[in-house]
Structure formats: C-alpha cells, structure tokens
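Report on the following structure.
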Amino acid sequence: MNKLQNLFLDKEKFKDLILSRSFYERDTSIIAQELLNKILITVTQVKNADFTEVEVGICAGKIVEVEAYYGLNDPASHACNGITPRSKIMFETPGIAYVYFCYGNHYLLNAVTEKFGTAGAVLIRSIEPLEGINLMFARRKVISLENLTNGPGKLTKAFGIEKSYNGRDLTSLESGIFIIDGAKYGLYSKLNKEDIIRTTRIGIKNGAERLLRFYIKNNKFVSKK
DNA sequence: ACCACGATGAACT
DNA sequence: GTTCATCGTGGTC
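In this note's numbering, the protein residues as written are 4 to 228.
As structure tokens, this is what we get:
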C-alpha cells in the first residue's frame with residue numbers, strides 16, 4: 004500500500020491536506036501558480052470488471068499546467084460580460100468547481116477563485132497521473148501514458164469529471180473531488196519557483212497577450228510547450 | 001427563434 | 001502541418 008492510500012484511511016489527518024477556502028479566496032494568478040504541483044483527487048463509484056459489484060475508484064494526479072481567468076476585465080473569460088446562467092458560478096464561493104461543456108465534446112475543470120461576488124477561476128489544463136491509472140485507461144481508451152491526462156478535456160474524462168461536478172466543493176472530502184497539498188508531510192516532492200514557466204493562454208482570441216498560463220518546466224505531461 | 005462560435009481532441013496528410 | 005465532429009451558450013433579431 005502506498006503513502007497516499009495509507010493516508011486516505013485516516014480521514015481526519017487526510018482532511019488536513021485538503022486546500023482550504025482561504026487558499027482560493029485570493030488573486031487568481033497567484034492561486035494558479037500555487038496550484039501547480041498540488042494533487043487533484045476524485046473518488047467515484049465504479050463497476051468492477053464483470054459488472055457484478057460496485058467499488059470505490061480513486062484517481063490522483065499532480066497538476067502540471069493551469070491558466071488563470073478573471074472576470075469583467077478579462078475578455079477571454081466566460082465572466083467578461085458579467086453574470087449569465089453559465090458564468091454565475093465564477094462569482095460565487097471560492098473553492099468550488101466550475102465545470103463546463105466545451106466544443107460539444109469535452110468537460111473542462113476550473114477552481115473558482117477570488118472573494119464571493121468577484122469572478123475568477125483557474126483552469127486545470129494538464130495532470131501527471133499518480134494513482135488509479137488503470138481506471139483512467141478504462142475511461143480514456145488510449146494506449147500511451149503520456150496521452151492519458153495531458154489536456155483539459157483528457158484529464159476530466161480520465162478522472163470521471165462531468166457536468167454533475169459543476170458547483171461541487173473542492174475543499175470538502177465528502178464532495179468526491181478535492182485538491183490536496185502533496186508536499187505536506189513529504190508525501191510528494193516540493194516545487195521550486197524557478198521551475199514554473201509563465202506564458203500566454205491557449206485556444207483564445209481576446210486577451211491572448213496576457214501571460215496567465217503556468218506550467219512545470221520539463222514535465223512531459225504538459226499539453227503544449 | 002435563430003445562429004455563430006468556442007478555455008478541445010482525434011484523425012488525418 | 002490540416003480538418004472536423006459536436007452541442008451548449010449567449011448574443012442578436
């Protein structure tokens with residue numbers, strides 16, 4: 004049994020690792036950088052191989068690429084025109100998930116940031132798989148490990164994240180989706196500030212010049228160099 | 001009611 | 001490098 008699974012058995016100690024509300028109630032760009040090297044975890048009910056029983060499926064991976072999106076002053080943001088049925092959640096409680104449907108095929112995962120009433124979100128763009136890799140392969144139907152979670156639509160598929168995850172509380176163990184500080188207790192390695200690369204965001208037209216994309220240098224799971 | 005367009009991924013040449 | 005499947009969202013009429 005590995006260290007993460009071991010820790011997960013001790014619920015009280017494990018909750019201490021989960022990033023808190025106050026972590027998310029800050030400037031979006033700062034949070035984006037600090038989410039690098041953190042561990043995203045989903046806990047789902049999955050059928051076993053012969054569909055005879057349901058078991059718990061845990062997927063965990065290190066966040067290696069993110070983008071920051073602001074509100075009214077960011078033309079690339081869904082919240083640039085204020086509150087709409089879709090963007091409403093970006094103005095709400097920091098630390099909840101904003102999951103939206105993209106290009107008719109994919110769900111993309113964001114963490115809502117800034118204080119209640121101010122729009123902001125960090126898009127999780129790429130992950131390095133750590134635990135539950137067999138379950139990820141079952142969901143993704145690809146061959147190579149490098150292509151399993153190296154894109155925002157790929158990682159949500161691998162982790163079982165879809166529209167019902169919109170609005171879930173990322174700071175709660177009970178929500179089935181949360182982000183932990185893997186460097187705490189030496190569970191996983193720390194990240195040096197000089198290993199963070201800052202560039203422009205991908206796939207947008209308006210606001211394309213702003214340097215709001217961050218990724219871990221030399222990590223092979225980053226979607227685009 | 002209509003319609004253009006994506007914070008993408010996969011399959012091509 | 002290119003093309004295209006796919007559909008919810010939001011702006012416009």
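By construction, the Cβ of each residue, glycine as well, lies at the ideal position given by its N, Cα and C atoms.
Helix, strand or coil at residue i [DSSP, three-state]
i    : result
I136 : helix
A35  : helix
S90  : helix
I128 : Position check: residue 128 holds Arg in this sequence, whereas Ile was assumed. Three-state DSSP puts R128 in a strand.
L7   : helix
L148 : helix
K208 : coil
Inter-residue CB distance, residue i and residue j (contact presumed, cutoff 8 Å)
i    : j    : result
I164 : L173 : Contact doesn't hold; Cβ gap of about 11 Å is too wide.
N113 : A100 : 7 Å
K223 : E149 : 6 Å
I205 : R213 : Going by Cβ atoms, the distance from I205 to R213 rounds to 12 Å, so no, they are not a contact pair.
K65  : L126 : Not quite, the Cβ-Cβ distance comes to about 16 Å (not below 8 Å), so this is no contact.
V102 : Y168 : 5 Å
I130 : L158 : 5 Å
V67  : V59  : Not really, about 25 Å apart at Cβ, beyond 8 Å.
T31  : T116 : 4 Å
I92  : G170 : 6 Å
C62  : A161 : 7 Å
N40  : A186 : 7 Å
K144 : F104 : About 20 Å; that fails the 8 Å criterion.
S226 : G154 : 5 Å
G156 : H109 : 3 Å
Enclosing beta strand (DSSP E) for residue i [first to last residue]
i    : result
E70  : V57 to Y72
R201 : I199 to T202
R216 : R216 to I219
F104 : A100 to C105
L111 : H109 to V115
T47  : I42 to K50
Segment limits, alpha helix (DSSP H) that includes residue i
i   : result
F26 : R24 to Y27
K14 : K14 to K18
For this session: Mind listing, in chain order, the continuous beta strand (DSSP E) runs of no fewer than 3 residues lying wholly within the stretch 151-186?
Result: 180-183
For this session: Say whether the stretch 44-55 touches the stretch 188-205, bearing in mind that this needs 3 or more beta-carbon pairs closer than 8 Å, one atom from each stretch.
Result: no
Exercise. Is the number of C-beta pairs between the stretch 9-25 and the stretch 183-192 that are closer than 8 Å three or more?
Worked result: yes
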